[in-house]
Amino acid sequence: MDLAPWYLFGLEELIALEDMAYHYYCDIGALALSEALKVNTTLTALGLGNNSIGKEGVLALSETLATNTTLTTLKLGYNSIGNEGALALSEALKINTTLTGLDLSDNSIGNEGALALSMALKTNIALTALDLWRNPIGKEGALALLEATITIVFE
Numbered sequence: 012m013d014l015a016p017w018y019l020f021g022l023e024e025l026i027a028l029e030d031m032a033y034h035y036y037c038d039i040g041a042l043a044l045s046e047a048l049k050v051n052t053t054l055t056a057l058g059l060g061n062n063s064i065g066k067e068g069v070l071a072l073s074e075t076l077a078t079n080t081t082l083t084t085l086k087l088g089y090n091s092i093g094n095e096g097a098l099a100l101s102e103a104l105k106i107n108t109t110l111t112g113l114d115l116s117d118n119s120i121g122n123e124g125a126l127a128l129s130m131a132l133k134t135n136i137a138l139t140a141l142d143l144w145r146n147p148i149g150k151e152g153a154l155a156l157l158e159a160t161i162t163i164v165f166e
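Counting from 1 along the sequence shown, just add 11 to a position and that's the residue number in the numbering used here.
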């Protein structure tokens with residue numbers, strides 16, 4: 012199945028797709044975008060907030076993010092990636108060296124996802140902004156994130 016629909020042709024030449032919110036791309040759109048990102052060498056910002064992206068979509072984006080060297084900002088706020096999506100993104104963040112901003116606000120990420128992200132933050136020195144607003148992260152996850160941030164800042 013070809014995951015690159017006609018409206019994604021030319022993505023390899025774009026620099027920013029910052030306002031793709033509310034287009035309801037869902038997982039299939041995220042799969043297509045992740046395929047297009049594999050050949051893109053110029054895109055620095057991608058905004059996919061409020062697009063009903065779930066587990067499958069974020070798994071594909073995470074796989075691409077692990078090898079992408081141009082994307083500096085990724086906005087995934089107001090989707091449904093949950094802890095499983097946060098785990099996948101954290102694995103990508105352990106490898107990625109160019110992403111500086113990641114918006115994961117309102118994604119149903121709890122302690123498990125926060126703990127995974129905190130482990131990634133201990134090794135990732137590129138990420139300078141991580142938005143986790145409106146996620147049900149408890150005390151354990153919040154403390155782990157704080158500890159990872161302090162470790163990065165003061166080491």
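We put the beta carbon where it would ideally sit given N, CA and C, even for glycine.
Nothing here was measured: the structure is a model prediction, and the numbers come from that model.
Mapping DSSP to helix, strand and coil, what is residue i?
i	result
Ala77	coil
Ala140	strand
Asp114	strand
Gly58	strand
Lys66	helix
Ile148	coil
Thr160	helix
Leu82	coil
Write down the C-beta distance between residue i and residue j rounded to the nearest angstrom, noting that I regard them as a contact closer than 8 Å.
i	j	result
Asn79	Lys105	With a Cβ gap of about 14 Å, Asn79 and Lys105 do not count as contacting.
By Cβ distance below 6 Å, which residues in the same chain neighbour residue i in space, the five residues on each side in sequence not counted?
i	result
Trp144	Ser116
Ser45	Ala71, Leu72, Thr75
Ile92	Val69, Asn118
Cys37	Ser63
Give me, in chain order, the residues of the same chain whose beta-carbon lies closer than 8 Å to that of residue i; leave out the 5 immediate sequence neighbours on both sides.
i	result
Thr111	Thr83, Thr84, Ala137, Leu138, Thr139, Ala140
Relative to the C-alpha of residue i, which residue among the options is closest?
i	options	result
Leu100	Asn146, Ala43, Ala131, Thr108	Ala131
Thr114	Asn90, Ile161, Lys66	Thr is not the amino acid found at residue 114; the sequence shown has Asp there. Answer by Cα proximity: Asn90.
Ile142	Leu156, Glu151, Leu54	First, the amino acid is wrong: residue 142 is Asp here, not Ile. When each option's Cα is compared against that of Asp142, the closest is Leu156.
- request: Could you name each continuous beta strand (DSSP E) segment of 3 residues or more that falls completely within the stretch 85 to 133, going from the start of the chain to the end?
  value: 112 to 114
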